[in-house]
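So the mapping is simple: the working numbering equals the position in the sequence shown, first residue as 1, plus 1480.
Here a beta-carbon is modelled for each residue, glycine too, at the ideal position from N, C-alpha and C.
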Amino acid sequence: EEQDRVNIYLHPSTSSILIDRVEQVLLDKHKEIICDSFQELLDSDKEDDLARMHRLLGRINSLDPLMTILERHVLLIGTSIIEERIETAYGNPKEYVECILDVHRKYNELVSSAFLGNPGFGAALDKACRDFINDNAATKKAKTSSKSPELLAKYVDVLLKKSAKNPEEQVVLDILNDIMLVFKYIEDKDVFQTF
């Protein structure tokens, strides 16, 4: 509607100049205020509002602060979920891996939908996942970063032993694909082989 008004009342050559000026006045001068509300939107899971913010700040190439906030948020959520479930997840490889996958699935979906698969947001998600998988309550309790690959290897071992009895091969393949997501974030991959 606004674009139609511009086309009716203004010469076409002024359109890009006007859009640049409006973006500068409405977005660029207020980007800090806009970025400050990003964390609240993440906390509230307001996916539509996050998508709008991504589109707006993308117009003025100011997405870097949002990527940093997303990375910190995913790191905090991942670390806190494992910490909340440490008593059961520490001795239960399946629960440990499911905790990690739940966080990754949720925020991977957010990156795909709200942020249109933006590679910068994908990289922020990857860094946060790598950090919280390799340094969390389980690794601190074991006093070694090799606890994550150990739990992952034990889960794969149990899964493959069960799959011999389990006729649902597709289910096992889906789970193994999910496990490969976790594996790519493991820093000490050699430990995985020993288990």
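Margin query: With a threshold of 8 Å on Cβ separation, who are the neighbours of I1613 within its own chain once the five nearest residues in sequence on each side are excluded?
Written below: G1558, I1580, S1628, V1662, Y1665, I1666
Note to self: What residue range does the alpha helix (DSSP H) around N1657 cover?
What the structure shows: 1649-1665
Checklist line | Contact belief for I1562 with N1616 at Cβ below 8 Å, rounded distance in angstroms | finding: 4 Å
Item checked: Residue burial classification, A1633 (beta-carbon count within 10 angstroms, cutoff 16) -> buried
Notebook entry, point to check: Can you tell which of G1597, M1533, L1522, V1505 has the C-alpha that lies nearest to the C-alpha of L1555?
Noted result: L1522
Notebook entry, point to check: Where do the N-terminal and C-terminal ends of the alpha helix (DSSP H) with C1607 fall, by residue?
Noted result: According to the sequence shown, residue 1607 is Lys rather than Cys. Per DSSP, K1607 belongs to the alpha helix (DSSP H) from 1599-1614.
Checklist line | Exposure label - Y1489; buried when at least 16 CB within 10 Å | finding: exposed
Item checked: Chain-order list of residues whose beta-carbon lies under 6 Å from that of K1511 (same chain, five-residue window excluded) -> S1542
Item checked: Residue range of the unbroken alpha helix (DSSP H) whose run includes N1487 -> 1482-1489
Check: Going by the CB atoms, is the gap between M1547 and A1608 shorter than 8 Å?
Finding: no
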